[in-house]
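Step one of this worksheet: look at the structure below.
Residue numbers (this note's numbering): 3 to 224.
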């Protein structure tokens, strides 16, 4: 009997996310989609808290990788993409979580619209105790998560630039949209957690990599 090959690969990179990784994984295991049709790949980026233990609690329900040293977010995501079995790739951050229709809706859209390259959904902003702070548009306020890509396209553009320790999502998107397009679905199926430890709160680093992004893609000349 042939083994079932998952069509969707969910990629999660986690560094010191003991507090939230369990919620993230539970939401992904509670999808209205056949469990054999998707896989969850978690890359533990050399966490020094109890992230490893939190991941191990899920046993064989997730595919766990562990970096021997801290490689950073883009390099960890690339590790996941490289071993992914699915034809579709979607990133979920370790401190976020998703609606039960998240994977099924995005997969159905790509299955039924073969000419489309990728699909993204809107998201809700939530706080640490999951109070909803507002809704955001994947078109007006895009994030790196909640976008279902075709793996072959990510490979074709070279995946994430591992030198971008911040704004890696924007850098990937610039290269992706030179060849392909992302279609928006106006459903808030993703839950983006806003809290003090968000890496985007380091404004000095964010500014540094935004300057690099502008230089790499000649954005200041446009």
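Even for Gly, the Cβ is constructed at its ideal location relative to N, Cα and C. Since the structure is predicted, the reported quantities are computational estimates derived from the model, not experimental observations.
Burial state of residue i, where buried means 16 or more other Cβ atoms lie within 10 Å
{"i": "residue 63", "result": "exposed"}
{"i": "residue 115", "result": "exposed"}
{"i": "residue 224", "result": "Because the pLDDT at residue 224 is just 45, under 50, the model does not fix this residue reliably, and the point stays unresolved."}
{"i": "residue 191", "result": "buried"}
{"i": "residue 137", "result": "exposed"}
{"i": "residue 46", "result": "buried"}
{"i": "residue 28", "result": "exposed"}
{"i": "residue 88", "result": "buried"}
{"i": "residue 80", "result": "buried"}
{"i": "residue 55", "result": "exposed"}
{"i": "residue 170", "result": "buried"}
Sheet register partners of residue i (DSSP bridge)
{"i": "residue 190", "result": "124"}
{"i": "residue 99", "result": "193"}
{"i": "residue 151", "result": "91"}
{"i": "residue 77", "result": "According to DSSP, residue 77 bridges with nothing at all."}
{"i": "residue 10", "result": "40, 90"}
{"i": "residue 65", "result": "43"}
{"i": "residue 185", "result": "121"}
Residue from the options whose Cα sits closest to the Cα of residue i
{"i": "residue 184", "options": "122, 128, 166", "result": "122"}
{"i": "residue 95", "options": "23, 56, 88", "result": "23"}
{"i": "residue 36", "options": "10, 159, 111, 54", "result": "10"}
{"i": "residue 147", "options": "172, 163, 157, 135", "result": "172"}
{"i": "residue 34", "options": "113, 104, 126", "result": "104"}
{"i": "residue 84", "options": "113, 141, 43, 16", "result": "43"}
{"i": "residue 135", "options": "54, 193, 17", "result": "193"}
{"i": "residue 197", "options": "28, 53, 131", "result": "131"}
{"i": "residue 40", "options": "7, 50, 71, 15", "result": "7"}
{"i": "residue 69", "options": "109, 102, 53, 161", "result": "53"}
{"i": "residue 49", "options": "177, 27, 26, 78", "result": "78"}
{"i": "residue 93", "options": "160, 156, 18", "result": "156"}
{"i": "residue 18", "options": "59, 72, 32", "result": "72"}
{"i": "residue 59", "options": "25, 76, 80", "result": "25"}
{"i": "residue 21", "options": "57, 178, 38", "result": "57"}
{"i": "residue 51", "options": "16, 141, 142", "result": "16"}
{"i": "residue 177", "options": "159, 187, 168, 38", "result": "159"}
{"i": "residue 142", "options": "117, 133, 153, 187", "result": "187"}
{"i": "residue 162", "options": "76, 38, 153", "result": "76"}
Integer-rounded CB distance, given that residue j should sit under 8 Å from residue i
{"i": "residue 182", "j": "residue 86", "result": "About 18 Å separates the two Cβ atoms, so there is no contact after all."}
{"i": "residue 13", "j": "residue 65", "result": "About 10 Å separates the two Cβ atoms, so there is no contact after all."}
{"i": "residue 30", "j": "residue 100", "result": "6 Å"}
{"i": "residue 82", "j": "residue 164", "result": "Incorrect: roughly 13 Å between the Cβ atoms, too far for contact."}
{"i": "residue 150", "j": "residue 108", "result": "4 Å"}
{"i": "residue 124", "j": "residue 189", "result": "6 Å"}
{"i": "residue 97", "j": "residue 195", "result": "5 Å"}
Start and end residues, alpha helix (DSSP H) containing residue i
{"i": "residue 41", "result": "Per DSSP, residue 41 belongs to no alpha helix (DSSP H); it is in the beta strand (DSSP E), 40 to 46."}
{"i": "residue 225", "result": "It is not possible to answer for residue 225, since the shown part of the chain is limited to 3 through 224."}
{"i": "residue 29", "result": "23 to 31"}
Continuous beta strand (DSSP E) stretch holding residue i: start and end
{"i": "residue 1", "result": "Residue 1 cannot be examined here, being either before or after the span of the chain that is shown, 3 to 224."}
{"i": "residue 139", "result": "That residue, residue 139, is in no beta strand (DSSP E); it is neither H nor E in DSSP."}
{"i": "residue 59", "result": "Counting along the chain, residue 59 falls outside any beta strand (DSSP E), and DSSP gives it neither H nor E."}
Near the ligand GDP: residue i beta-carbon under 6 Å from a heavy atom
{"i": "residue 28", "result": "This structure lacks the ligand GDP, and indeed carries no ligand of any kind."}
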